[in-house]
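To start, the structure itself, in structure tokens.
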Amino acid sequence: MAQRHTICGIAAIILCGGGVLAQDATSAAPTQTKDARVYGLANPKPKAEGTIRLATYNLFNLFDDRDDPSMTERNEDIDDTTPANQKQALADTIHRLDADILAVEEIENRSALIEFREEYLKDMGYDYVMSIDTGDDRGIENAVLSRFPITHAEVWPNLPLGGIHPEKYGNDVNWYAGQPITFKRSPMRADVSIDRDKDGESDYTLTLFVMHHKSGTYNNYWREAESKKVVQLIDTVQKRNKNANIAVLGDFNARAVDMSVATYIAAGLMDPFAGRVPHDPEIQTHESNRRIDFILINPALANEYVPNSIFVLGTPARPKGSDWRTTPAPQGWASDHYPVAIDLVPNDQ
Numbered sequence: 001m002a003q004r005h006t007i008c009g010i011a012a013i014i015l016c017g018g019g020v021l022a023q024d025a026t027s028a029a030p031t032q033t034k035d036a037r038v039y040g041l042a043n044p045k046p047k048a049e050g051t052i053r054l055a056t057y058n059l060f061n062l063f064d065d066r067d068d069p070s071m072t073e074r075n076e077d078i079d080d081t082t083p084a085n086q087k088q089a090l091a092d093t094i095h096r097l098d099a100d101i102l103a104v105e106e107i108e109n110r111s112a113l114i115e116f117r118e119e120y121l122k123d124m125g126y127d128y129v130m131s132i133d134t135g136d137d138r139g140i141e142n143a144v145l146s147r148f149p150i151t152h153a154e155v156w157p158n159l160p161l162g163g164i165h166p167e168k169y170g171n172d173v174n175w176y177a178g179q180p181i182t183f184k185r186s187p188m189r190a191d192v193s194i195d196r197d198k199d200g201e202s203d204y205t206l207t208l209f210v211m212h213h214k215s216g217t218y219n220n221y222w223r224e225a226e227s228k229k230v231v232q233l234i235d236t237v238q239k240r241n242k243n244a245n246i247a248v249l250g251d252f253n254a255r256a257v258d259m260s261v262a263t264y265i266a267a268g269l270m271d272p273f274a275g276r277v278p279h280d281p282e283i284q285t286h287e288s289n290r291r292i293d294f295i296l297i298n299p300a301l302a303n304e305y306v307p308n309s310i311f312v313l314g315t316p317a318r319p320k321g322s323d324w325r326t327t328p329a330p331q332g333w334a335s336d337h338y339p340v341a342i343d344l345v346p347n348d349q
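First residue of the sequence shown: 1, per the numbering used here; consecutive thereafter.
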């Protein structure tokens with residue numbers, strides 16, 4: 001399998017996935033639903049003047065209604081169209097969150113995200129969109145919606161991580177047995193340029209590594225290989241600029257105690273939720289009662305983090321202990337994940 005490394009610069013944003021479509025400021029008030037929240041906060045924390053909000057949200061397979069002929073057999077997407085009520089619930093949550101920069105996971109592609117933005121988020125100011133295909137067999141990508149310009153983006157599909165896949169997945173045959181270990185879904189690096197004084201001069205850059213680590217109970221070895229490689233990619237950025245402001249955020253499919261997450265912490269990244277009671281319902285990010293979505297920040301960015309600003313925004317969820325396969329989703333259900341957000345002062349300290 002050939003290695004592919006895709007880079008988008010400022011002049012190539014439209015070709016590689018960035019969007020600069022002008023928008024009409026039409027606003028739709030979020031739909032009010034009964035609070036069926038189980039985890040997270042009922043309301044977002046207030047955002048102080050002079051700060052920006054950075055967030056991550058797994059959108060649970062945001063697919064359009066067009067068949068992708070490349071998706072066949074078990075990955076056929078013809079029946080994967082996201083229902084309108086779920087799209088509305090996602091939009092309501094994103095409106096409430098009011099993030100200036102929103103990393104999202106599990107979107108079909110840039111086109112599907114642009115369509116969602118145009119129909120549900122036109123008043124949010126997300127003039128910049130970045131998503132790059134990495135060849136995932138499920139047809140899902142990572143992306144960024146931003147109110148600020150995205151000046152650079154790149155992905156590393158099929159990048160060798162070292163080693164080969166084991167023969168077994170638990171007690172079953174491993175589909176990937178004997179193959180070289182590569183990123184299942186490449187992280188997407190995106191540099192966001194923030195003009196604090198609105199004078200047209202970029203004076204603050206935020207570098208994001210948007211993650212969707214491999215899922216699966218017995219794929220811990222794969223997630224660990226992915227996190228080790230991401231740490232190397234971060235080191236490369238920091239060697240070029242020791243003051244680089246870096247956030248690693250997204251769906252880690254692992255908890256804070258797992259080695260794949262611990263690898264980031266050992267490399268010097270900070271978890272703003274560190275110190276909280278691990279099973280506090282307010283900080284769980286998945287309806288399975290786990291915290292598996294993170295925003296980790298490097299020391300340079302930690303200087304700009306607003307203390308205690310991190311939060312998980314709760315949305316309607318199935319009751320604790322219920323089986324998602326047999327328990328209907330409640331009214332207003334948006335995703336099996338809940339968004340995580342932090343506030344930053346965009347001023348290098």
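Glycine included, C-beta positions come from ideal geometry on N, C-alpha and C.
Per DSSP, the continuous beta strand (DSSP E) segment holding Pro160 begins and ends at Pro160 to Ile164. In the three-state reduction of the DSSP assignment, Asp323 falls in the coil class. Counting only unbroken stretches of 3 or more residues, the beta strand (DSSP E) elements lying wholly within the region 116 to 179 are 128 to 131, 141 to 146, 150 to 155 and 160 to 164, in sequence order. Beyond the five residues adjoining it in sequence on each side, Asp100 comes within less than 6 Å, by CB distance, of Ile52, Arg53 and Arg147 in the same chain, given in chain order.
Annotation for Phe294: Phe252 place their beta carbon closer than 6 Å to its own, counting only its chain and skipping 5 residues before and after.
Each of Ile297, Asn298 and Pro281 was checked against the Cα of Lys320, and the nearest Cα belongs to Pro281.
Straight through space, the alpha carbons of His337 and Asn58 are spaced by roughly 6 Å. The beta carbons of Val210 and Val144 sit about 6 Å from each other, so the pair counts as a contact at 8 Å.
Look at Val104 here: in three-state DSSP terms it is strand. By the CB criterion at 9 Å, Arg185 and Thr151 fall outside the cutoff.
Secondary structure at Ala225: helix, using DSSP grouped into helix, strand and coil. Annotated as distal: Asp64 and Ser131, with beta-carbon spacing of 9 Å or more. In summary, Arg117 is buried, with 16 or more beta-carbon neighbours lying within 10 Å of its beta-carbon over all protein chains present.
Arg318 is classed as buried because its beta carbon has at least 16 other beta carbons within 10 Å across all chains shown.
Within the same chain, no residue comes within 7 Å of Asn308 by CB-CB distance, once the 5 residues on both sides are set aside. With a cutoff of 9 Å on beta-carbon distance, Thr207 and Val231 are scored as not near each other. Membership of Asn61 in the beta strand (DSSP E) is indicated by the continuous run Ile52 to Leu62.
In the DSSP assignment, Val261 falls within the alpha helix (DSSP H) that extends over Met259 to Ala266.
In the DSSP assignment, Asn245 falls within the beta strand (DSSP E) that extends over Asn245 to Asp251. Going by DSSP, Ala91 is part of the alpha helix (DSSP H) stretching over Ala84 to Leu97. Boundaries of the alpha helix (DSSP H) around Leu301: Pro299 to Ala302. Counting along the chain, the unbroken beta strand (DSSP E) around Tyr204 starts and ends at Tyr204 to His212. Burial check for Gln331: the Cβ neighbour count within 10 Å stays below 16, so the residue is exposed. Straight-line measurement puts the Cα of Arg240 at about 32 Å from the Cα of Arg291. Pairing His286 with Gly250 gives a Cβ-Cβ distance that is not under 9 Å.
Residue nearest to Ala341 within the set Leu313, Arg325 and His165 is Leu313 (criterion: CA-CA distance). When DSSP states are grouped into helix, strand and coil, Ile283 belongs to the helix group. Under the DSSP definition of a beta bridge, Pro316 partners with Arg37.
In the DSSP assignment, Ala190 falls within the beta strand (DSSP E) that extends over Met188 to Ile194. When Ser288, Ala256 and Glu226 are compared, the shortest CA-CA separation from Asp323 is found for Ser288.
Counting along the chain, the unbroken beta strand (DSSP E) around Ile342 starts and ends at Val340 to Leu344. In this structure, Trp333 is the residue among Trp333, His279, Glu108 and Leu97 with its C-alpha nearest to the C-alpha of Gln88. Around the Cβ of Gln284, a 10 Å sphere holds 16 or more other Cβ atoms; the residue is buried.
Its chain contains Met259, Ser260 and Thr263 as the residues whose beta carbon lies nearer than 7 Å to that of Glu224, once the 5 sequence neighbours on both sides are disregarded; these appear in chain order. Pairing Val192 with Tyr128 gives a Cβ-Cβ distance under 9 Å.
Straight-line spacing of the CA atoms in Met188 and Pro157 works out to 10 Å.
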